[in-house]
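Chains as they are written, first to last, in full-length UniProt numbering: chain A, 1 to 510; chain B, 1 to 317. One structure below.
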Amino acid sequence: MIKRSVLALTLALTTLGTASADKVITGAFDQGPGGAPQQFNPLTNTAGFTWLNKYYSTLVLYDAGFKKISGDLASSWVVGDGGKKYTFILQSGVKWHDGKPFTSKDVKFSLELANNPDSGSAFAAKFGNIRSIQTPNTRTVVVTLSKPNAALLDALTSFMILPQHELSKIPARELRTSTWWRTEPVGTGPFMWSRHVPDQYVELKANPNYYKGKPKVDRLVNRYFKEQAAAVLALKSGNIDFTYLTLDDTKTFSGSSVSILSGPSQVANYLGFNNASDQFKDIRVRQAMLHAIDRNTIIKQLYGGGAELAYCPVTNSRYVPKSVNKYAYDPAKARQLLQAAGWNSSQNIEVITYYTDQLSKDVLVTLQQMFAQVGLKITPRFLDTPTYNQVTNGTAFQMVYAGIGNGPDPDTLYPSLHSDFMPPNGTNRMRVNLPAVNKLFEQGQETAAVAARTKAYQNVCSLVNEQLPWATLWTAKRFGGATKDLVNFVWTPAPGGGRYDDQAHLWDIK
Amino acid sequence: MGTYVVRRLLTTIPLLLVITAIIFTMLQFTPGDPMDAYIPPDQVISVQQREIIRTELGLDQPKPVQYLRWLGKAAQGDLGYRIKNGEPVTSEIARRLPPTLMLMGLGMTLGVALGVFFGVLAAVKRYTALDNGLTFLAFLGISTPAFLAGLIGMYVFALKLQWFPAGGYQTPGDGSVLDTLSHLILPASILSVTYIAVLMRYTRSSVLDVVFQDYVRTASAKGVPHTRVISKHVLRNALIPVVTVIGANVANLIGGAVFLESIFSWPGTGQLYLDAIDSRDYPMIMGTTLVLATVILLANLITDVLYGAIDPRIRYS
Chain A
1 MIKRSVLALT LALTTLGTAS ADKVITGAFD QGPGGAPQQF NPLTNTAGFT
51 WLNKYYSTLV LYDAGFKKIS GDLASSWVVG DGGKKYTFIL QSGVKWHDGK
101 PFTSKDVKFS LELANNPDSG SAFAAKFGNI RSIQTPNTRT VVVTLSKPNA
151 ALLDALTSFM ILPQHELSKI PARELRTSTW WRTEPVGTGP FMWSRHVPDQ
201 YVELKANPNY YKGKPKVDRL VNRYFKEQAA AVLALKSGNI DFTYLTLDDT
251 KTFSGSSVSI LSGPSQVANY LGFNNASDQF KDIRVRQAML HAIDRNTIIK
301 QLYGGGAELA YCPVTNSRYV PKSVNKYAYD PAKARQLLQA AGWNSSQNIE
351 VITYYTDQLS KDVLVTLQQM FAQVGLKITP RFLDTPTYNQ VTNGTAFQMV
401 YAGIGNGPDP DTLYPSLHSD FMPPNGTNRM RVNLPAVNKL FEQGQETAAV
451 AARTKAYQNV CSLVNEQLPW ATLWTAKRFG GATKDLVNFV WTPAPGGGRY
501 DDQAHLWDIK
Chain B
1 MGTYVVRRLL TTIPLLLVIT AIIFTMLQFT PGDPMDAYIP PDQVISVQQR
51 EIIRTELGLD QPKPVQYLRW LGKAAQGDLG YRIKNGEPVT SEIARRLPPT
101 LMLMGLGMTL GVALGVFFGV LAAVKRYTAL DNGLTFLAFL GISTPAFLAG
151 LIGMYVFALK LQWFPAGGYQ TPGDGSVLDT LSHLILPASI LSVTYIAVLM
201 RYTRSSVLDV VFQDYVRTAS AKGVPHTRVI SKHVLRNALI PVVTVIGANV
251 ANLIGGAVFL ESIFSWPGTG QLYLDAIDSR DYPMIMGTTL VLATVILLAN
301 LITDVLYGAI DPRIRYS
């Protein structure tokens, strides 16, 4: 009897030993603006890339600073035929998680799937000008475009390559809601699907055959929290190792075992005018609004210094010319401009926003006060996203307070500023219709030469700054919190979670 | 009694019809349609793609047709598919209902046990410091919203004292019964707070009503021991109205659970409901409404039946 108990105890201790030897990193990777909790279909996802890229891979990817694009599944590439032909050479020896070899056929299949309207893919707009995809051998993919597209590589950094041998079995129309994505997905990334407890967490395990080497930790767990506050408390109490933080959260971590990570959000906050409405036809009204806002004070007082002034929707400093008008705080000038424009100060402007966090509420109340001082009456209205979308799909709105995710390549702004993309055809919700801007965006795609592209986007910046279809305000910083036990942990805030080289296979925990 | 139950069950059917019809109509007046929630604001999608999705979701049909279609299928036990991810609504609810029932069950048990106990205690020790203290706590409990109580509870017991995990249903990789229980205790206790407070107030006043009745005085005068007078004569009669309160508060309990599930990342129907409303997921909203309404109606029926069981004067005719 005693013998048996001892045996049982030893066995229990051994199991306990193995269990604790498992290195696990648990995070709330889908919290915050970059997350897409429980959305696992990379064809339709516009966010959540921080998590998706742990088990899928892309052809190319940005470095963590979003400066340079390097290869991932593609080891090298050549652009030819004046920017119309992209030849990718693929990494050798890459295997899918189920052991099947990864080949150029998978790349062709994935790109074609993205362009098939039945798949509901979000990439169709970006890959629409792909004319043909050839696979001369298993390691070469040749993509031919109908017209040059210098932004193709940027788009490819967030496009996950999918397994043909698995997904060709499912009709494209059923793929959108297929259970495959959340029950048995197969990728080529550093981690592979282990299990999904709906609404609770997803667990990935190390991919021993990852082409850059086996990951240092055994498991990666993504826990779901409905409330951001709950995720922050879980981080504080040591239940998880990582989550997004708000500026206010960061102040409550002083001297703790958590490191605060921060970086530019790459999201420009702006006051958008409904360009189809007569109310804002006079540019002096739009200019007055910018002069009426003491942006430096807002950044200092409300953002605690954690934001930078922005003068046009393009936030990558390379594309912002030095000469742009700064629209300095000048209430007297604002009053004068309004008077000159014949603004009736008794009329009220409703400013709608989908932001519901405290900081945004404070910002809008402050704007309301600043505007009141020059004779502009605004009423903020906080909407949920579906309502905001519905309202801005129509033209019965006046102004919005919103954010635009830029990414490192200004081409991202194309569908928001080009007149071809006015609803229902796209996301130019402010009905911006500036032919010169249209032309510059087209140029930006068609010219591969760096200098010419830079010039084109600098001109976009200058023009938008001058014409003010939007009043761009600032770019805020975003924050993450990670326990100090994490080693080699790379995290950068980016729109949609971004796709950058976070070296997840090197992540470790003490 | 049997006929009464059957009749009551039959009357729930038109009631449920009315409830679902009202919710469906209200949904039509809610701004934003499921497509706007389904497609993120920054996603460029062609008109053709939009139409494909719209047809697939059945949103291209006239509203009454949509409702009748839903109703026809619901009658056969098919609640449709969740717009967000295509998962069958019934299986989502089936997965989410047990955690909610568990949370509500423990919350209610704690609430009834402690609420009645403290209520009797307060009545017996009326106008003492203990009674005043309990009354103060009861008002505090009634006036603290579940959301705030949840956050405070989590801060104190999960973060500061570290007695319980900070939310979640199971620890990833564990999932034993004990583990689930350790996650359950904190939210269930917090959920019971309002219940304890409400029941305590009712029990107290109900006991006080009965305590001065003639039959109680007679029993005491006859020399029946005090504890026996309380348990046999006072409690039995005082608890009759309390049972009604227990039943009537099930709806409140669900309301509290909705908030607590969000704070504690508890994967129940409450959280599911909020999620569905956020994303204008019509089939999910309708399905959850139907199930939660049924739970509330059943709870009320059980209360009424129990009422008769403890009060023989009640006749179901």
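We put the CB at the ideal spot given by N, CA and C, even for glycine.
- Burial state of B:Phe259 is buried, judged by a 10 Å Cβ sphere holding 16 or more other Cβ atoms.
- For secondary structure counted as the alpha helix (DSSP H) over 4 or more consecutive residues, the segment 190-248 of chain A holds these complete runs in sequence order: 228-236.
- With a 10 Å radius around the Cβ and a threshold of 16 neighbouring Cβ atoms, B:Phe136 comes out exposed.
- Sequence-distant Cβ neighbours of B:Leu297 in its own chain, meaning closer than 7 Å and more than five residues away, are Thr12 and Leu15.
- In this structure A:Ser158 is buried. Its beta-carbon is surrounded by 16 or more other beta-carbon atoms within 10 angstroms.
- The shortest C-alpha to C-alpha distance from B:Ala75 to any of B:His226, B:Asp304, B:Gly223 and B:Leu17 is the one to B:Leu17.
- In the DSSP assignment, A:Gln369 is bridged to no other residue.
- In the three-state DSSP reduction, A:Val432 falls in the coil class, being neither helix nor strand.
- Comparing alpha carbon positions, the residue from B:Ile53, B:Asp275, B:Gly268 and B:Tyr307 closest to B:Ile246 is B:Tyr307.
- Residue state for B:Asp36 is assigned as helix, using DSSP reduced to three classes.
- B:Gly107 is not a Cβ neighbour of B:Thr194, given a cutoff of 7 Å.
- With contact defined as three or more Cβ pairs closer than 8 Å, the segment 209-218 of chain A and the segment 117-126 of chain A are not in contact.
- In terms of Cα proximity to B:Gln28, the closest of B:Leu59, B:Gln170 and B:Gly133 is B:Leu59.
- Within the same chain, Trp181 come within 6 Å of A:Asn41 by CB-CB distance, once the 5 residues on both sides are set aside.
- Contact check for A:Ala482 against A:Ser259 passes: the beta carbons are separated by less than 7 Å.
- At a cut-off of 7 Å between beta-carbon atoms, A:Pro185 makes no contact with chain B.
- In the three-state reduction of the DSSP assignment, A:Ala74 falls in the strand class.
- Counting only runs of at least 3 residues, the segment 88-153 of chain A fully encloses the following beta strand (DSSP E) elements, listed from N- to C-terminal order: 130-137 and 140-145.
- In the DSSP assignment, the residues bridged to A:Ile25 are A:Leu220.
- The segment 305-317 of chain A makes contact with the segment 268-287 of chain A; the number of CB pairs closer than 8 Å reaches 3 or more.
- Judged by DSSP in its simplified three-state form, A:Gly394 adopts coil rather than helix or strand.
- Taking a 10 Å sphere around the C-beta of B:Ile314, we find fewer than 16 other C-beta atoms and assign the residue as exposed.
- For B:Met286, the enclosing alpha helix (DSSP H) covers residues Tyr282 to Ile310.
- The beta carbon of A:Val221 sits closer than 7 Å to some beta carbon of chain B.
- Using a Cβ-Cβ cut-off of 7 Å, B:Ser91 does not count as an interface residue toward chain A, since no Cβ of chain A sits closer than that to its own.
- At the C-beta level, B:Thr218 and B:Thr100 stay beyond 7 Å of one another.
- For A:Pro380, the secondary structure class from DSSP, reduced to helix, strand or coil, is strand.
- By the neighbour-count criterion, in which 16 or more other beta carbons inside 10 Å mark a residue as buried, B:Met26 falls on the exposed side.
- The C-beta of A:Asn406 comes no closer than 7 Å to any C-beta of chain B.
- Annotation: the segment 82-168 of chain B contains the following complete segments of the alpha helix (DSSP H) (minimum length 4 residues), in chain order: 89-124, 129-143 and 146-153.
- Secondary structure at A:Val79: strand, using DSSP grouped into helix, strand and coil.
- Using a CB distance cut-off of 7 Å, A:Thr379 does not count as an interface residue toward chain B.
- Assignment of A:Gln266 by DSSP, reduced to helix, strand and coil, places it in the strand class.
- Taking a contact as a CB-CB distance under 8 Å, the pair A:Val107 and A:Val141 counts as one, their CB atoms being some 5 Å apart.
- Looking from the CA of B:Glu51, the closest CA among A:Ser119, A:Tyr414 and A:Asn488 belongs to A:Ser119.
- Taking 7 Å as the cut-off, the Cβ atoms of B:Leu186 and B:Phe164 count as close.
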